[in-house]
Amino acid sequence: RHEKGRESRYGVVWAMKEPVNQTVNMAVTTGGRIIHREGDRTRVRFDAADSAVAELIRRQVRDERTAPASGLGMGGGDTLPGFFAGRYAMVPLGFSYRQQVSQQAPEGFDWVTLPLPAGRGAPDGGRAQGVSPQT
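Residue numbers (my numbering): 3 to 137.
Printed below as a string of structure tokens:
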């Protein structure tokens, strides 16, 4: 949230410099797929379930202002200094960033990895994931 004369703090920052992995994985939680197999063909579609995450990001950045527009041009690692400084409460990043966070976080920094949010439109309740179910 932007406050005049104070450092801005936000609920979330969406690092979208390279958005494909993040948006495809999150689309699965809302019942979307983006990449659809139709017989022997593969098609890219962006229907309502596929666009739910993009709509959430748009709403948080433009309407609610709970996410900074500046984050949209950042890579995942670019968000970490702001996360460590308390500027962002959440940074939705891939599992590969856990090691970087654990190595770079200041001493005493308390953080946790959360699962992707579960969407209503997903046939499995939004629990599908692109990695092994044991993770």
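The C-beta atom is built at its ideal place from N, Cα and C for all residues, glycine as well. All figures in this text were calculated on a predicted structure; none of them were measured in a lab.
How big is the Cα-Cα spacing for residue i and residue j?
{"i": "G75", "j": "P83", "result": "15 Å"}
{"i": "D49", "j": "E40", "result": "15 Å"}
{"i": "R61", "j": "S104", "result": "30 Å"}
{"i": "V15", "j": "R35", "result": "23 Å"}
{"i": "Q24", "j": "F97", "result": "10 Å"}
{"i": "F86", "j": "T68", "result": "18 Å"}
{"i": "Q101", "j": "L95", "result": "12 Å"}
Would residue i and residue j be called neighbours here (beta carbons separated by less than 9 Å)?
{"i": "G78", "j": "Y12", "result": "no"}
{"i": "A17", "j": "V93", "result": "yes"}
{"i": "L116", "j": "T31", "result": "no"}
{"i": "R43", "j": "I37", "result": "no"}
{"i": "A56", "j": "R64", "result": "no"}
Mapping DSSP to helix, strand and coil, what is residue i?
{"i": "T25", "result": "helix"}
{"i": "V15", "result": "coil"}
{"i": "V114", "result": "coil"}
Count the other CB atoms within 10 Å of the CB of residue i; is the residue buried (16 or more) or exposed (fewer)?
{"i": "A54", "result": "buried"}
{"i": "A51", "result": "buried"}
{"i": "A1", "result": "In this structure the chain extends from 3 to 137, so residue 1 is not present and cannot be described."}
(message) In chain order, what are the residue ranges of uninterrupted alpha helix (DSSP H) at least 4 long that sit wholly in the stretch 24 to 97?
(response) Fully enclosed alpha helix (DSSP H) runs of no fewer than 4 residues occupy 50 to 60 and 82 to 86 of the stretch 24 to 97, in order along the chain.
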